[in-house]
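Numbering (the numbering used here), first residue to last: 11 to 253.
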Ligand SMILES: O=C(O)c1cc(=O)[nH]c(=O)n1[C@@H]1O[C@H](COP(=O)(O)O)[C@@H](O)[C@H]1O
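Okay, structure coming up:
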């Protein structure tokens, strides 16, 4: 996955909208988008129905439910989610070694039982909305932020996960250290013309791809734009400079 694809196909658009109707309106408004992310807001609202809508349009799906619980519970959640036949699925690295291993096995089992391809299971290293200051003062983590993100990525790799979600600011370091086929998925991506909002560790789409990201996750710069098609076009054009 990732590097062999055209730059535009490496953008996953976050469908962070409240209901099925708004989601379908956006999917149909942006037919060039081949990869969509369904996250907590939309999945809580619609349940798996939205996944069927995306599949009927031959879209790839990142089901981002960020599981974080005890091993037995995350394993059950991954087993259930894998049955939907999605492409990517998330868990927090902070769930810990036992939970990450159990989740990996359960995702394989769930997919095999349903007769679908298993999802690539990827771990959140550190949310892109957390700054170095918050990591130290609020979360009381005594490591430098890049070192913490790397430790979480190495833990995920050791536990057999397919990759991680990381900020574009850490992706170059992770690309150097992790195995070549380890997926690096970067949210917190902001073109120069977009608001940062709650994202703390961003880079532009071109910078993130150059730094080694396999996929970019972009939401509001496209979905909250007055003209989402234009925002998508500008991002695609920016990415042709690094293709
Ligand atoms: O797992 C994610 O996708 C994720 C992890 C993370 O660390 N930061 C992060 O922003 N995300 C998601 O990526 C998307 C970013 O959206 P925008 O900030 O609107 O571009 C949202 O759907 C977030 O849930």
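Note that the Cβ used here is the ideal one computed from N, Cα and C, for glycine as well.
Tell me where the alpha helix (DSSP H) around residue i begins and ends.
i: residue 100; result: Per DSSP, residue 100 belongs to no alpha helix (DSSP H); it is in the beta strand (DSSP E), 98-102.
i: residue 145; result: 142-147
i: residue 133; result: Per DSSP, residue 133 belongs to no alpha helix (DSSP H); it is in the beta strand (DSSP E), 130-134.
i: residue 38; result: 30-39
i: residue 284; result: Shown here, the chain extends from 11 to 253; a query on residue 284 therefore has no answer.
i: residue 18; result: Residue 18 -> no alpha helix (DSSP H), and no H or E assigned at all.
i: residue 164; result: 155-168
Give me the residue from the options with the minimum Cα distance to residue i.
i: residue 134; options: 117, 150 and 158; result: 158
i: residue 141; options: 211, 122 and 87; result: 211
i: residue 85; options: 20, 31, 109 and 125; result: 109
i: residue 177; options: 148, 214, 119 and 189; result: 214
i: residue 77; options: 46, 39, 40 and 131; result: 131
i: residue 202; options: 118, 241 and 74; result: 241
i: residue 216; options: 206, 61 and 244; result: 244
i: residue 128; options: 173, 69, 116 and 112; result: 116
i: residue 43; options: 57, 71 and 121; result: 71
i: residue 222; options: 184, 229, 249 and 246; result: 184
i: residue 89; options: 62, 248 and 119; result: 119
i: residue 161; options: 149, 150 and 174; result: 174
i: residue 68; options: 46, 225 and 112; result: 46
i: residue 91; options: 58, 63, 106 and 104; result: 58
i: residue 187; options: 166, 197, 207 and 21; result: 166
i: residue 56; options: 39, 25, 82 and 101; result: 25
i: residue 234; options: 39, 95 and 179; result: 39
i: residue 198; options: 232, 191 and 190; result: 232
i: residue 239; options: 41, 136 and 20; result: 41
i: residue 94; options: 145, 170 and 64; result: 64
i: residue 179; options: 172, 164, 190 and 196; result: 196
i: residue 169; options: 182, 111 and 250; result: 111
i: residue 54; options: 66, 37, 36 and 74; result: 74
i: residue 62; options: 34, 51 and 83; result: 34
Could you spell out the range, first to last residue, of the beta strand (DSSP E) harbouring residue i?
i: residue 69; result: Residue 69 -> no beta strand (DSSP E), and no H or E assigned at all.
i: residue 24; result: 21-24
i: residue 47; result: 45-48
i: residue 174; result: 173-175
Just to check, is the beta-carbon of residue i closer than 7 Å to a non-hydrogen atom of ligand 2?
i: residue 49; result: As presented, the structure is devoid of ligand 2, carrying ligand 1 as its sole ligands.
Please confirm if residue i has its CB atom under 8 Å from at least one CB of chain D.
i: residue 192; result: Protein chain content of the structure displayed is limited to a single chain, and chain D is not contained in it.
*Unbroken beta strand (DSSP E) runs of length 3 or more, entirely within the segment 190-247: which are they?*
Within the segment 190-247, the complete beta strand (DSSP E) runs of at least 3 residues are 193-196 and 225-228.
*asked:* Ignoring anything shorter than 4 residues, give me the alpha helix (DSSP H) runs that lie fully in the segment 74-121, in order along the chain.
replied: With a minimum length of 4 residues, the continuous alpha helix (DSSP H) runs that stay inside the segment 74-121 are 81-92.
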